[in-house]
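Residues 3 to 117 in this note's numbering are what the sequence shown lists, from first letter to last.
Even glycine gets a Cβ: it sits at the ideal position worked out from N, Cα and C.
Scroll down for the structure; my scribbles are underneath it.
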Amino acid sequence: MSSRPPLAPLLLDHRDAVADLCRAHGVDRLEVFGSAADGRFDPGRSDIDLIVSFAPGAPGSRAERYFALADALERLLGRHVDLLTDQPIRNPYLRRAVDATRRDLCVRAPAEASG
(Lines of atoms letter the chains of each structure in order from A and count residues from 1; the text may use other names and numbers.)
(Lines give C-alpha, C1' and ligand atoms only; values in the text may rest on other atoms or scores of the structure.)
Protein backbone atom coordinates (compact mmCIF):
# COMPACT_ATOMS: atom_id res chain seq x y z
CA MET A 1 0.00 0.00 0.00
CA SER A 2 1.47 3.34 -0.99
CA SER A 3 1.42 6.27 1.39
CA ARG A 4 -0.20 9.54 0.42
CA PRO A 5 1.86 12.70 0.10
CA PRO A 6 1.45 15.18 2.95
CA LEU A 7 -1.08 17.96 2.66
CA ALA A 8 0.21 21.34 1.54
CA PRO A 9 2.22 22.95 4.37
CA LEU A 10 -0.13 25.96 4.24
CA LEU A 11 -3.04 23.72 5.25
CA LEU A 12 -1.05 21.88 7.91
CA ASP A 13 0.07 25.20 9.42
CA HIS A 14 -3.55 26.42 9.63
CA ARG A 15 -5.31 23.14 10.42
CA ASP A 16 -6.59 24.25 13.86
CA ALA A 17 -7.84 27.59 12.53
CA VAL A 18 -9.58 25.81 9.62
CA ALA A 19 -11.27 23.49 12.14
CA ASP A 20 -12.43 26.56 14.11
CA LEU A 21 -13.92 28.03 10.91
CA CYS A 22 -15.68 24.74 10.19
CA ARG A 23 -17.30 24.78 13.63
CA ALA A 24 -18.26 28.45 13.30
CA HIS A 25 -19.92 27.93 9.90
CA GLY A 26 -21.79 24.69 10.59
CA VAL A 27 -19.60 22.41 8.48
CA ASP A 28 -20.03 18.64 8.73
CA ARG A 29 -17.04 17.83 6.52
CA LEU A 30 -14.41 19.79 4.62
CA GLU A 31 -12.30 17.91 2.09
CA VAL A 32 -9.28 19.04 0.13
CA PHE A 33 -8.42 17.83 -3.37
CA GLY A 34 -6.04 18.71 -6.17
CA SER A 35 -2.53 20.03 -5.74
CA ALA A 36 -2.94 20.80 -2.03
CA ALA A 37 -3.77 17.12 -1.43
CA ASP A 38 -1.43 15.31 -3.79
CA GLY A 39 1.99 16.87 -3.28
CA ARG A 40 1.95 19.23 -6.29
CA PHE A 41 1.14 22.40 -4.32
CA ASP A 42 3.13 25.45 -5.45
CA PRO A 43 3.13 28.11 -2.70
CA GLY A 44 3.62 30.85 -5.27
CA ARG A 45 0.84 29.86 -7.67
CA SER A 46 -1.57 27.22 -6.39
CA ASP A 47 -5.05 27.88 -5.12
CA ILE A 48 -6.80 25.64 -2.59
CA ASP A 49 -9.52 23.26 -3.82
CA LEU A 50 -12.09 22.24 -1.20
CA ILE A 51 -15.43 20.44 -0.94
CA VAL A 52 -17.81 21.40 1.87
CA SER A 53 -20.74 19.51 3.41
CA PHE A 54 -22.86 21.64 5.72
CA ALA A 55 -24.63 20.33 8.79
CA PRO A 56 -28.41 20.42 8.52
CA GLY A 57 -30.12 22.90 10.80
CA ALA A 58 -27.13 25.18 11.38
CA PRO A 59 -27.96 28.90 11.70
CA GLY A 60 -28.19 30.92 8.50
CA SER A 61 -28.98 29.83 4.99
CA ARG A 62 -26.74 27.42 3.14
CA ALA A 63 -25.78 30.22 0.73
CA GLU A 64 -24.87 32.58 3.58
CA ARG A 65 -22.70 29.92 5.21
CA TYR A 66 -21.08 29.03 1.88
CA PHE A 67 -20.01 32.59 1.02
CA ALA A 68 -18.99 33.43 4.60
CA LEU A 69 -16.86 30.26 4.80
CA ALA A 70 -15.24 30.86 1.40
CA ASP A 71 -14.36 34.43 2.38
CA ALA A 72 -13.02 33.40 5.80
CA LEU A 73 -10.88 30.63 4.28
CA GLU A 74 -9.42 32.99 1.67
CA ARG A 75 -8.56 35.54 4.36
CA LEU A 76 -7.00 32.88 6.60
CA LEU A 77 -4.99 31.17 3.86
CA GLY A 78 -4.10 34.31 1.92
CA ARG A 79 -5.02 32.88 -1.47
CA HIS A 80 -7.93 31.98 -3.73
CA VAL A 81 -10.10 29.08 -2.55
CA ASP A 82 -12.22 27.06 -4.98
CA LEU A 83 -15.03 25.83 -2.74
CA LEU A 84 -17.33 23.16 -4.15
CA THR A 85 -20.39 21.86 -2.36
CA ASP A 86 -21.01 18.18 -1.70
CA GLN A 87 -23.52 18.00 -4.56
CA PRO A 88 -22.69 15.22 -7.03
CA ILE A 89 -20.17 16.29 -9.66
CA ARG A 90 -21.76 15.61 -13.03
CA ASN A 91 -18.70 16.07 -15.22
CA PRO A 92 -17.10 12.59 -15.23
CA TYR A 93 -13.59 13.93 -15.88
CA LEU A 94 -13.77 16.41 -13.00
CA ARG A 95 -15.34 13.77 -10.73
CA ARG A 96 -12.49 11.32 -11.43
CA ALA A 97 -9.86 14.02 -10.83
CA VAL A 98 -11.50 15.06 -7.56
CA ASP A 99 -12.02 11.50 -6.33
CA ALA A 100 -8.40 10.57 -7.09
CA THR A 101 -7.02 13.12 -4.61
CA ARG A 102 -9.79 14.07 -2.14
CA ARG A 103 -8.92 13.83 1.55
CA ASP A 104 -10.62 14.89 4.76
CA LEU A 105 -9.38 18.16 6.18
CA CYS A 106 -12.02 18.67 8.86
CA VAL A 107 -14.80 16.31 10.01
CA ARG A 108 -17.31 17.19 12.70
CA ALA A 109 -17.06 14.88 15.70
CA PRO A 110 -20.12 12.73 16.56
CA ALA A 111 -20.66 14.68 19.81
CA GLU A 112 -20.80 17.91 17.80
CA ALA A 113 -23.19 16.33 15.29
CA SER A 114 -25.70 15.33 17.97
CA GLY A 115 -25.95 18.73 19.50
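Query: For L71 and L2, believed in contact at Cβ under 8 angstroms, the rounded distance; Result: This structure leaves residue 2 out entirely; the chain is present only between 3 and 117.
Query: Cβ pair L119, I50 closer than 9 angstroms; Result: Here the chain comprises residues numbered 3 to 117, so residue 119 is not present and cannot be evaluated.
Query: As assigned by DSSP and simplified to three states, the class of S48; Result: coil
Query: Cβ distance (whole Å) where A39 is taken to contact T87 below 8 angstroms; Result: With 8 angstroms as the limit, A39 and T87 do not qualify as a contact, their Cβ atoms being about 18 angstroms apart.
Query: Three-state secondary structure (DSSP) of R104; Result: coil
Query: Top-ranked residue by Cα proximity to G62, from L9, S48, R105 and A26; Result: A26
Query: 9 angstroms Cβ cutoff met for V109 and L75; Result: no
Query: Supposed contact pair A60 and G28 - C-beta distance, whole angstroms, cut 8 angstroms; Result: 3 angstroms
Query: F69 versus V83 - alpha carbon distance; Result: 11 angstroms
Query: Beta-carbon proximity list for P8, same chain, < 8 angstroms, skipping 5 on both sides; Result: L14 and G41
Query: CB-CB length for L79 against H16, believed under 8 angstroms; Result: 6 angstroms
Query: Element boundaries [beta strand (DSSP E), containing L23]; Result: Unbroken run through L23 is the alpha helix (DSSP H), R17 to A26; no beta strand (DSSP E).
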